[in-house]
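Remarks on the structure that follows.
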Amino acid sequence: MTISLPDGSSRSLEEGSTAFDLAADIGPGLAKASLLARVDGIEVDLNAPLVDGATVELITEQSDDALYTIRHSTAHVMAQAVQELYPGTQLAIGPPIDDGFYYDFELPAGQTLSDDDLGAIEDRMREIVKANQPFERHELAVDDALAFFADHTFKAEIIEQVTGGSRDAELADEVGSADMISYYKNSDTFLDMCTGPHVPSTGRLGHFKLMKVAGAYWRGDTDRPMLQRVYGTAWTNKKALKAHLNRLVEAEKRDHRRLATELNLVSWPEELGPGLAVWHPKGATIRRLMEDYSRERHDSGGYDFVYSPHIAKSVLWETSGHLDFYADGMYPPMEMDGATYYPKPMNCPFHVMIFRGEQRSYRDLPLRMFELGTVYRYELSGAVHGLMRSRGFTQDDSHIFATREQLQDELASLLAFVLSVLRAFGFVDFQAKLSTRPLEKSVGDDDIWDEATEGLRLALEAANLDYVVDEGGGAFYGPKIDVDIKDAIGRAWQLSTIQVDFNLPERFDLEYVSSDGSRQRPVMIHRALMGSIERFFGVLIEHYAGNFPAWLAPIQTRVLPVSADHADYAHDVVQQLKAAGFRADTTEPNEPLGKRIRRSKIEKLPYILVVGDDDVAGQTVGVNKRGQNDPERDVSVSAFIERLRVEVADRVLDLPEPAAADAE
RNA sequence: GCCCGAGUAGCUCAGUUGGCAGAGCAGCUGUCUUGUAAACAGCAGGUCAGGAGUUCAAUUCUCCUCUCGGGCUCCA
Numbered sequence: 008m009t010i011s012l013p014d015g016s017s018r019s020l021e022e023g024s025t026a027f028d029l030a031a032d033i034g035p036g037l038a039k040a041s042l043l044a045r046v047d048g049i050e051v052d053l054n055a056p057l058v059d060g061a062t063v064e065l066i067t068e069q070s071d072d073a074l075y076t077i078r079h080s081t082a083h084v085m086a087q088a089v090q091e092l093y094p095g096t097q098l099a100i101g102p103p104i105d106d107g108f109y110y111d112f113e114l115p116a117g118q119t120l121s122d123d124d125l126g127a128i129e130d131r132m133r134e135i136v137k138a139n140q141p142f143e144r145h146e147l148a149v150d151d152a153l154a155f156f157a158d159h160t161f162k163a164e165i166i167e168q169v170t171g172g173s174r175d176a177e178l179a180d181e182v183g184s185a186d187m188i189s190y191y192k193n194s195d196t197f198l199d200m201c202t203g204p205h206v207p208s209t210g211r212l213g214h215f216k217l218m219k220v221a222g223a224y225w226r227g228d229t230d231r232p233m234l235q236r237v238y239g240t241a242w243t244n245k246k247a248l249k250a251h252l253n254r255l256v257e258a259e260k261r262d263h264r265r266l267a268t269e270l271n272l273v274s275w276p277e278e279l280g281p282g283l284a285v286w287h288p289k290g291a292t293i294r295r296l297m298e299d300y301s302r303e304r305h306d307s308g309g310y311d312f313v314y315s316p317h318i319a320k321s322v323l324w325e326t327s328g329h330l331d332f333y334a335d336g337m338y339p340p341m342e343m344d345g346a347t348y349y350p351k352p353m354n355c356p357f358h359v360m361i362f363r364g365e366q367r368s369y370r371d372l373p374l375r376m377f378e379l380g381t382v383y384r385y386e387l388s389g390a391v392h393g394l395m396r397s398r399g400f401t402q403d404d405s406h407i408f409a410t411r412e413q414l415q416d417e418l419a420s421l422l423a424f425v426l427s428v429l430r431a432f433g434f435v436d437f438q439a440k441l442s443t444r445p446l447e448k449s450v451g452d453d454d455i456w457d458e459a460t461e462g463l464r465l466a467l468e469a470a471n472l473d474y475v476v477d478e479g480g481g482a483f484y485g486p487k488i489d490v491d492i493k494d495a496i497g498r499a500w501q502l503s504t505i506q507v508d509f510n511l512p513e514r515f516d517l518e519y520v521s522s523d524g525s526r527q528r529p530v531m532i533h534r535a536l537m538g539s540i541e542r543f544f545g546v547l548i549e550h551y552a553g554n555f556p557a558w559l560a561p562i563q564t565r566v567l568p569v570s571a572d573h574a575d576y577a578h579d580v581v582q583q584l585k586a587a588g589f590r591a592d593t594t595e596p597n598e599p600l601g602k603r604i605r606r607s608k609i610e611k612l613p614y615i616l617v618v619g620d621d622d623v624a625g626q627t628v629g630v631n632k633r634g635q636n637d638p639e640r641d642v643s644v645s646a647f648i649e650r651l652r653v654e655v656a657d658r659v660l661d662l663p664e665p666a667a668a669d670a671e
């Protein structure tokens with residue numbers, strides 16, 4: 008039979024040959040290095056028989072394409088180790104994920120795992136790897152499979168679900184085709200239902216580490232059993248594993264909760280309750296600068312600034328539909344003066360009230376309202392996380408009311424505006440998601456959904472943004488774009504969202520008078536840019552690793568006199584800096600200079616200026632820029648002020664190099 | 001909310017097989033007057049998260065509550 012290769016060449020092989028035979032035919036080195044094959048675009052085991060005419064690509068152990076399979080196979084090895092150490096363990100699912108893999112187990116007699124157990128599991132895994140057990144694929148008809156897996160409660164449920172028509176992607180990954188059930192066996196005692204493919208044998212694995220134990224509900228359903236989930240990471244080689252572990256260490260160092268404490272920005276007094284923070288002067292300064300910048304941009308961007316109260320009567324939330332659809336996320340009601348009030352979980356109904364407050368003409372549209380609106384949401388207590396997820400947070404919220412004709416242009420300029428503001432904070436790497444009309448019930452006719460969705464798509468194209476389409480992922484009231492940013496160490500954060508809404512204008516019966524005198528219904532667009540000021544601040548801390556650029560730094564420069572003789576001059580320089588509009592301070596020279604330098608460096612100040620005899624004589628300063636070890640001496644005060652002025656005006660970033668990811 | 005883990009000085013952390021609670025940094029007071037990442041001495045700082053139980057004795061063991069962390073779910 009004849010097999011084609013990706014480079015266009017072809018090879019003749021004997022009938023019944025496998026991808027491994029093909030690799031061996033090409034060369035022994037390739038045969039040794041190959042882990043799996045992609046046959047006509049589908050990944051299969053190396054020992055799967057090939058058919059005549061197929062195009063076969065061999066995937067070797069150093070290829071990133073092998074990662075998914077390596078992780079999947081490693082998950083099997085972990086399951087085997089856990090079953091051997093805890094006989095009677097039921098296996099649920101064990102997929103590969105972004106950085107590694109996990110497997111969900113139900114241990115016998117309600118046993119649970121803790122991190123202390125990971126070492127023993129990992130040791131057992133290494134023994135299995137050392138034993139180099141082959142992964143053997145077997146297939147069964149559905150009925151046979153049901154009988155075969157009758158004692159495997161979770162596996163049997165999966166078989167029933169995938170053969171009962173209720174397939175979804177995750178389940179399909181786990182068992183694949185619904186007419187045949189496959190399983191893999193790699194010893195007399197271990198097998199697991201799985202579509203594969205897998206690496207040829209356990210000996211091909213090894214660059215892994217078990218990370219943590221967690222609880223996870225079966226099928227993510229809080230009403231189903233709580234399983235023990237073990238997370239691990241696995242890579243193609245030792246260096247990649249080490250690089251990943253280094254990234255985690257780097258991320259730990261950047262943790263905004265740690266830096267917020269060290270830099271005295273924000274704290275979470277226990278007395279306030281979960282997810283509630285107070286902002287200290289330095290954190291508040293940064294926040295004010297962020298907000299001021301946002302206001303400036305919205306002002307020049309054609310937005311009208313509005314304010315709204317923190318609570319409103321229940322009728323507002325009944326009309327908006329929040330009490331029907333969002334009650335779980337709302338704070339409990341307050342009874343006052345015979346009425347029921349709720350803290351606001353969103354700002355939109357207030358902005359709708361402002362729109363409805365007067366008769367609107369098409370000449371008023373698009374009408375863009377902007378508010379830094381603080382909302383309260385009853386997040387699960389286990390879900391709050393520093394500034395990233397809190398129970399009270401401030402949205403940089405905007406609602407745009409537009410005519411249907413204006414919708415597409417407005418969406419394009421909105422997205423451009425959002426990206427422009429994000430870029431000012433130093434984010435350059437974006438990933439967008441376009442969510443389209445859900446299959447279930449939704450409001451609005453087909454035409455308007457198509458127009459809005461197309462408008463969002465065109466906006467993404469015009470912005471030249473990478474995006475994925477989440478078919479059916481939109482809200483019932485309209486399609487949306489979510490924008491993820493990637494921070495300095497490659498983590499993704501969802502920040503901005505642009506959502507078209509056909510529902511609220513309907514519910515509140517909004518209208519404007521059109522040029523022909525008829526009454527028309529406007530379209531509403533919800534837009535959050537930073538999303539939540541608190542979360543954005545948290546992301547910035549981690550993105551900058553605490554090194555806020557000069558335009559945001561709470562103290563931009565500190566002037567240190569070498570000795571008491573220079574204290575007056577230091578004060579003089581501080582006054583000059585302040586007069587030029589900068590945030591500067593000085594310290595009394597009652598400690599050695601080295602110590603004062605050290606303290607200031609720990610505070611991650613952008614500039615430390617040292618002044619001594621030479622500087623007093625020459626009206627100069629010694630400039631120590633953050634991240635640089637050698638001071639620049641004899642810089643004139645005016646030159647430094649000009650330099651800082653430019654750096655602030657241009658919002659120069661000054662990001663430190665993340666610790667080299669693959670450092671040995 | 002649920003599963004697992006944790007809570008010791010303002011911060012970072014030791015420690016107690018149940019027997020007077022420890023360090024470094026930060027703070028305060030002195031001395032030192034300093035040219036680039038930690039001067040010296042002293043002082044002060046704690047209901048060992050809170051409550052209950054076991055015990056001659058609990059920071060340590062048990063239970064409950066609160067808070068935090070890792071997840072699940074949801075989302076900004």
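Following our numbering, the numbering of the first sequence begins with 8 at its first residue and continues without gaps.
We put the beta carbon where it would ideally sit given N, CA and C, even for glycine.
What did DSSP end up calling I165 once you bin it into helix, strand or coil? For the purposes of this step, residue 165 is taken as the residue at position 158 of the first sequence. Helix at I165.
Looking at the strands, I want to know which residues DSSP matches up with V730. In the structure displayed, the chain extends from 8 to 671; residue 730 sits before or after that span and is not available.
Give the DSSP bridge partners of Y310, in chain order. Along the first sequence, read from residue 1 onward, the residue named residue 310 stands at position 303. For Y310, no pairing in a beta bridge is given by DSSP.
Cα-Cα, which of R430, E468, S388 and Y385 is closest to L418? Position 411 of the first sequence, counted from the start, is the residue given in the question as residue 418. The residue with the shortest Cα to Cα distance from L418 is E468.
C-alpha gap between S368 and G545, whole angstroms: Here residue 368 refers to the residue found at position 361 of the first sequence. Here residue 545 refers to the residue found at position 538 of the first sequence. Near 41 angstroms, if we compare the C-alpha coordinates of G545 and S368.
Can you check which of these residues, S11, E50 and H573, is closest to H205 by C-alpha distance? The residue labelled residue 205 in the question sits at position 198 within the first sequence. The shortest C-alpha separation from H205 is found at E50.
Limits of the beta strand (DSSP E) - the one that I562 falls within: Within the first sequence, residue 562 is the residue found at index 555, counting from 1. Unbroken run through I562: none, as it is neither H nor E.
Does the separation of the CB atoms of Y349 and A319 fall below 8 angstroms? In the first sequence, residue 349 corresponds to position 342, counting from 1. In the first sequence, residue 319 corresponds to position 312, counting from 1. Cβ atoms of Y349 and A319: closer than 8 angstroms.
Is there contact between the stretch 283-300 and the stretch 246-257, where contact requires at least three CB pairs shorter than 8 angstroms? no
Just how far apart, CA to CA, sit Y300 and D491? Taking the first sequence and counting its residues from 1, one reaches residue 300 at position 293. Taking the first sequence and counting its residues from 1, one reaches residue 491 at position 484. Rounded to the nearest angstrom, the two C-alpha atoms are 21 angstroms apart.
Exposure of G588, with buried meaning 16 or more beta-carbon neighbours within 10 Å: As a position in the first sequence, residue 588 is number 581, starting the count at 1. It counts as exposed.
Residues that R18 bridges to, as DSSP identifies them: As a working mapping, residue 18 is identified with position 11 in the first sequence. Its beta-bridge partners are I10.
Note down, one range per segment and in chain order, each beta strand (DSSP E) of at least 3 residues found wholly within the stretch 105-151. 107-113 and 143-148
V322: which of V313, K351, Y310 and R304 sits nearest, CA to CA? For the purposes of this step, residue 322 is taken as the residue at position 315 of the first sequence. If we check each option's Cα against that of V322, K351 comes out closest.
Residue(s) in a DSSP beta bridge with E342: Taking the first residue of the first sequence as 1, we reach residue 342 at position 335. The partner list for E342 (beta bridge, DSSP) reads T347.
I'd like the span of the alpha helix (DSSP H) that includes R261, first residue to last. For the purposes of this step, residue 261 is taken as the residue at position 254 of the first sequence. That run of the alpha helix (DSSP H) goes K245 to R261.
Determine the DSSP secondary structure at Q366, reduced to helix, strand or coil. Within the first sequence, the letter at position 359 stands for residue 366. Three-state DSSP puts Q366 in coil, outside helix and strand.
Looking only at its chain, what residues have a beta carbon closer than 8 angstroms to the beta carbon of S17, apart from the 5 residues adjacent to it on each side? Numbered from 1 along the first sequence, position 10 holds the residue referred to as residue 17. Once the five neighbours on either side are set aside, the close Cβ partners of S17 are T9, I10 and S11.
Along the beta strand (DSSP E) that carries T627, what are the first and last residues, could you check? Taking the first sequence and counting its residues from 1, one reaches residue 627 at position 620. Segment T627 to K632, the beta strand (DSSP E) holding T627.
Nearest-angstrom Cα distance between Y383 and G538? In the first sequence, the residue the question calls residue 383 occupies position 376. In the first sequence, the residue the question calls residue 538 occupies position 531. Those two C-alpha atoms are separated by around 14 angstroms.
Check whether the stretch 92-100 and the stretch 60-67 are in contact - that is, three or more C-beta pairs closer than 8 angstroms. no
In or out: A82 buried (at least 16 other Cβ within 10 Å) or exposed? As a working note, residue 82 is residue 75 in the first sequence. So A82 ends up on the buried side.
Look at L379 and I615 and say whether their C-beta atoms are less than 8 angstroms apart. Your numbering for residue 379 matches position 372 in the first sequence. Your numbering for residue 615 matches position 608 in the first sequence. Result no, Cβ atoms of L379 and I615 do not sit closer than 8 angstroms.
Minimum C-alpha distance to G309 - residue among P56, L421 and K246: To locate residue 309, count along the first sequence from 1; it is residue 302. That would be L421, whose Cα lies nearest to the Cα of G309.
Q635 burial status per 10 Å Cβ neighbour count (16 or more: buried): Reading the first sequence from its first residue, position 628 is the one you call residue 635. Exposed: under 16 other Cβ atoms inside 10 Å.
Just to check my reading of the structure: Q501 and G485 have Cβ atoms closer than 8 angstroms, yes? What is that Cβ distance to the nearest angstrom? Here residue 501 is taken as the residue at index 494 of the first sequence, counted from 1. Here residue 485 is taken as the residue at index 478 of the first sequence, counted from 1. Actually they are not in contact, since the Cβ atoms of Q501 and G485 sit about 18 angstroms apart, beyond 8 angstroms.
What would DSSP say about D180, mapped onto helix, strand or coil? Reading the first sequence from its first residue, position 173 is the one you call residue 180. With a pLDDT of 47 at D180, under the threshold of 50, the predicted position of this residue should be treated as unreliable, and no value is reported.
Helix, strand or coil at A667 [DSSP, three-state]: As a working mapping, residue 667 is identified with position 660 in the first sequence. Bear in mind that the predicted position of A667 carries a pLDDT of just 42, short of 50, making it too unreliable to give a figure here.
Candidates I77, G15, K448 and I166: which alpha carbon is nearest P207's? Sequence index remark: in the first sequence, residue 207 carries index 200 (1-based). Measuring from the Cα of P207, the nearest candidate turns out to be I77.
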